[in-house]
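Taking it in order: structure first as structure tokens, then the write-up.
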Amino acid sequence: MAALSQNLRWSWHRQTRDFFASLDPKVWDEVGHDPVALLGSIPTEKLAELSANADVVRQAADLERELNDYLTKPLWFQSDFHSPDKPSAIAYFSAEFGITAVMPQYSGGLGILAGDHLKSASDLGVPIIGVGLLYQSGYFRQSLTREGWQRESYPVIDPDNMPLTLLRNHDGTPAYVSVPLPDHRTLNAQIWVAHVGRVPLLLMDSDVTINDTATRQVTDRLYGGSSEHRVEQEFLLGMGGVKALRLYSQITGAPTPEVYHCNEGHAGFLAVERIRELMCGDERLDFGAAIEAVRSGTLFTTHTPVPAGIDRFDRGLAHRYLSAIEIPGVSTEQLLDLGAENYPGGEPNLFNMAVFGLRMARKANGVAKLHGKVSRRMFQQLWPGFDVTEVPITSITNGVHGPTWTDGRLADLAREHQNPGEHVNTYRWVRPASEGGISDEDLWKMRCDLRRQLVEDARRRVRESWLERGASPAELGWCDSILDPNRLTIGFARRVPTYKRLTLMLNDPDRLARILTDPKHPVQIIVAGKSHPDDEQGVSLIQQLVHFADQHGIRDHIAFLPNYDMDMAQTLMPGVDVWLNNPLRPLEASGTSGMKCAINGALNLSISDGWWDEMYDGRNGWVIPTAEGVDDPVRRDQIEAAGLYDLIEQSIAPRFYDRDETGIPRHWMEMVRHTMSTLGPHVQAQRMVSEYVEQLYTPVAAASRRLNALGHGDARSLSDYKARVRSGWNQIAVGHVVSKVGDVATVGDNVTFHADIRLGNLRPEDVEVQVVFGRVTPDDSISKFDVYAMNCIGEENGMFKYELTRALTQAGPYGYQVRVVPRNDMMDCYTELGLATNAERAADSPDLHYNFGS
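Numbering follows the UniProt record's numbering, with no gaps: position 649 of the sequence shown is 649.
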């Protein structure tokens with residue numbers, strides 16, 4: 001039982017959880033479904049009694065054998081993914097990890113995503129090692145005052161009573177990492193290891209006696225404290241995290257990571273430690289070569305679509321901390337330049353962690369297709385001279401871990417209606433009964449059961465909240481009858497920054513009240529969410545919502561549930577009929593809560609933003625009309641709230657209550673089936689992680705292997721090349737540019753482009769001369785273009801002659817531009833240096849745009 005409780009696979013393996021619950025159901029509920037706490041709470045006599053029970057012993061042994069099999073057998077990465085470049089190990093750095101509610105080390109979507117990433121990597125056999133911090137009080141516990149204001153408390157966790165193991169040296173002493181701080185101070189941390197299935201998660205903890213009082217508090221809580229406190233946390237996460245990986249490898253023999261995945265900018269300082277290692281190691285790399293070696297193995301994922309969501313530190317503060325790091329031959333200013341906003345529109349007095357992360361990464365990505373577009377636009381200034389579409393930030397859309405977020409009873413029902421050996425996450429079992437799938441009756445009954453479970457849980461939570469708010473039990477009888485298990489139920493739960501618009505539903509409170517209490521089509525809404533304590537506006541939004549929900553005529557139809565966490569989400573999301581999401585487009589990077597609802601058969605009602613922008617198909621839910629482009633925020637809210645109300649009144653509620661003679665809403669069930677069969681497989685985090693492996697981890701590992709080979713010859717060579725190109729780039733000029741085409745060009749005819757290029761001290765092998773060829777827009781720019789490399793055909797009087805012939809594939813009008821970019825097969829792409837020289841610099845260049853026969 002110790003082995004079963006210490007591996008967090010129990011958090012998504014229902015049979016293991018059911019086994020622990022069976023040992024003492026009452027205590028299991030009292031300890032919040034925590035196996036470690038359960039084993040610590042069962043009396044010795046009861047354990048002796050269980051040990052004498054042959055059935056219990058057999059179940060425990062069977063589960064342990066099954067766990068060992070899961071931990072050792074070849075999975076997708078070992079058996080089905082074939083690539084000579086696949087990484088031997090990947091380090092995944094994140095400031096928060098949401099694995100289970102019993103480990104409150106997360107605040108919201110970023111942490112839940114990180115937890116789902118590790119779980120799915122485990123299920124696929126991907127060799128990931130997680131790196132994070134262990135916060136003594138996690139995020140915070142939320143309750144409400146009598147007046148409905150958010151109140152925060154910070155219960156201290158005891159890591160000794162959690163599913164964690166302290167990393168120890170071979171002599172049994174605790175293993176520590178140390179990070180230098182200003183004023184000759186040192187930040188020390190011990191390392192706790194959580195086993196997330198096959199994936200080890202290293203969590204650093206500064207609450208150790210060898211630290212002074214101030215440094216013991218560095219990991220006191222998540223996203224709390226001053227800017228200085230945040231810098232110290234991020235120093236420990238990044239620099240200390242690399243040191244923790246090295247210690248873990250030395251002690252356990254785990255492979256050294258080839259890929260370092262920085263999940264948001266919080267862990268960006270990992271690059272500084274890796275540079276220090278290379279420059280202070282046996283090979284003594286110079287600064288430029290060390291940067292190339294580090295970049296080659298780094299992946300950066302951005303999660304924010306707005307600059308305000310990025311950690312940006314005062315340059316003086318960053319200077320103070322970076323100056324504590326001693327790297328021979330490197331000045332503090334050189335390190336500061338890596339995160340400097342030294343571009344038009346930037347703030348020169350700030351150190352930007354996202355800019356730092358992008359500059360130090362081989363590849364970068366956003367977390368949804370729309371977010372990729374937003375990110376390319378937001379960071380375009382780092383790649384001047386290139387079109388926004390060429391900014392090297394791709395996207396992989398987030399997903400959710402199906403076994404964690406699919407209600408267990410729904411999964412059991414699925415297994416009854418699927419072919420043997422078929423995984424429930426294929427959702428083939430939601431085919432109609434006539435095709436061998438589940439019947440409307442069975443699926444509807446399950447949906448009703450999940451809604452009923454949610455209503456019962458919500459009633460309990462509302463009662464407990466009112467008791468904390470100071471009400472007496474005698475005045476809370478109404479809590480037992482609020483909400484209705486047969487009523488259309490809408491859910492809304494997330495963090496409460498202003499852009500997520502918690503109170504958009506309150507834009508017209510009288511109309512909302514009429515919708516909720518409609519005698520024919522009644523509606524109920526269950527709301528939850530935490531606001532950062534320092535976000536006064538967000539805290540105010542919660543109070544407004546609670547004040548509305550407290551009204552006597554309304555409180556049967558709307559409830560705010562305090563302390564939103566994973567435990568609540570695992571009942572809330574399967575139980576709602578509709579999931580509401582109404583951020584300001586395009587400020588939702590991805591969002592995953594609606595995905596968790598979809599895999600349980602709930603429908604989405606959302607602004608077309610994040611993941612919903614690419615996955616809505618007209619049959620799996622509803623899109624709230626957006627008023628994007630309306631400058632007045634009050635007017636925009638009014639327009640979008642009216643669209644929300646219209647959809648509920650005119651489409652959603654009528655369809656939900658449209659029942660046949662047997663009481664089944666057949667049209668509603670068509671949407672449920674379609675949602676589960678189409679979205680179900682696509683929103684899985686296994687799809688997400690496999691895309692990371694194939695599209696990002698593997699090419700990054702190949703580059704890392706090359707540039708970090710013994711001697712680091714390629715890293716030195718690439719650094720020298722970049723230095724030479726940067727110093728000589730101003731000598732490049734595009735001379736005479738012409739194109740040759742017949743008097744009347746039609747589709748299929750050839751166009752020949754000629755250009756004379758002055759390269760100065762550079763050679764043709766250092767650059768690529770390109771033709772950018774595309775449609776001409778009304779504002780005389782080129783859009784939807786293709787890029788073709790020209791061929792060097794000779795040299796004359798210091799000018800290199802380039803030529804390219806292409807066939808016209810579509811009717812015009814078309815235009816072109818000739819430009820010069822760096823070229824080196826060790827770079828990831830031609831935009832890497834942000835350098836481009838185009839024909840606009842040439843005084844003798846003719847008109848750049850041509851109409852090739854419309």
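Even glycine gets a Cβ: it sits at the ideal position worked out from N, Cα and C.
- The stretch 163-177 makes contact with the stretch 240-253, as at least three CB pairs between them are under 8 Å.
- From the listed residues V36, T503, D535, L358, the smallest Cα separation to T394 is found for L358.
- DSSP, reduced to helix, strand and coil, places C829 outside both helices and strands of the structure shown, so it counts as coil.
- In the three-state reduction of the DSSP assignment, H736 falls in the strand class.
- From the listed residues S122, D55, I112, G132, the smallest Cα separation to Y92 is found for G132.
- Nearest Cα to V689 within the set V578, A48, V400, Q150: V400.
- Between R295 and A361, the gap from beta carbon to beta carbon is short of 8 Å.
- When DSSP states are grouped into helix, strand and coil, Y70 belongs to the helix group.
- For R168, the pairing in a beta bridge is given by DSSP as P174.
- For S651, the closest alpha carbon among the candidates T675, H521, S178 is that of H521.
- Judged by DSSP in its simplified three-state form, W383 adopts coil rather than helix or strand.
- If you draw a straight line from the Cα of L587 to the Cα of G109, it is about 14 Å long.
- In the three-state DSSP reduction, L222 falls in the coil class, being neither helix nor strand.
- Taking 8 Å as the cut-off, the beta carbon of R706 is found closer than this to the beta carbon of D714.
- Under the rule that a run must span 3 or more residues, the beta strand (DSSP E) segments found entirely inside the stretch 471-502 read 488-493.
- Here D311 has G265, M353 as same chain residues with Cβ atoms under 6 Å from its own Cβ, once five neighbours each way along the sequence are excluded.
- Of all C-beta pairs linking the stretch 368-378 to the stretch 272-292, fewer than three are shorter than 8 Å, placing the two stretches out of contact.
- Rounded to the nearest whole angstrom, the CA to CA distance from E795 to H754 is 13 Å.
- In terms of CA proximity to Q190, I210 leads the group D183, V199, I210.
- The DSSP assignment places 402-405, 408-416 as complete runs of the alpha helix (DSSP H) inside the stretch 371-419, in order along the chain (cut-off: 4 residues).
- Of F300, P307, L808, the smallest CA-CA separation from G748 is found for L808.
- For V496, the closest C-alpha among the options S481, A528, I490, A194 is that of A528.
- Pairwise C-beta distances place the stretch 255-265 in contact with the stretch 694-709, as three or more of them are shorter than 8 Å.
- Taken in chain order, the complete alpha helix (DSSP H) segments of 4 or more residues contained in the stretch 318-373 are 332-337, 353-359.
- Per DSSP, L710 lies in no beta strand (DSSP E) segment and is marked neither H nor E.
- For a cut-off of 8 Å, the C-beta gap from I757 to Y802 is around 6 Å, short enough to register as a contact.
- Of all C-beta pairs linking the stretch 127-141 to the stretch 189-206, three or more are shorter than 8 Å, placing the two stretches in contact.
- Less than 8 Å divides the Cβ of S5 from the Cβ of P163.
- A straight-line Cα-Cα distance of about 16 Å links T831 and Q817.
- Distance from the CA of Q570 to the CA of D449, rounded to the nearest whole angstrom, comes to 14 Å.
- Looking from the CA of L8, the closest CA among A175, K119, N708, L47 belongs to K119.
- Distance from L504 to N582 at the Cβ level is roughly 5 Å; contact confirmed, criterion being Cβ atoms closer than 8 Å.
- Straight-line spacing of the CA atoms in C792 and S717 works out to 24 Å.
- About 6 Å separates the Cβ atoms of A559 and I482, confirming a contact at the 8 Å cut-off.
- Distance check between L382 and each of G402, S227, G345, M827 places G345 closest, using alpha-carbon atoms only.
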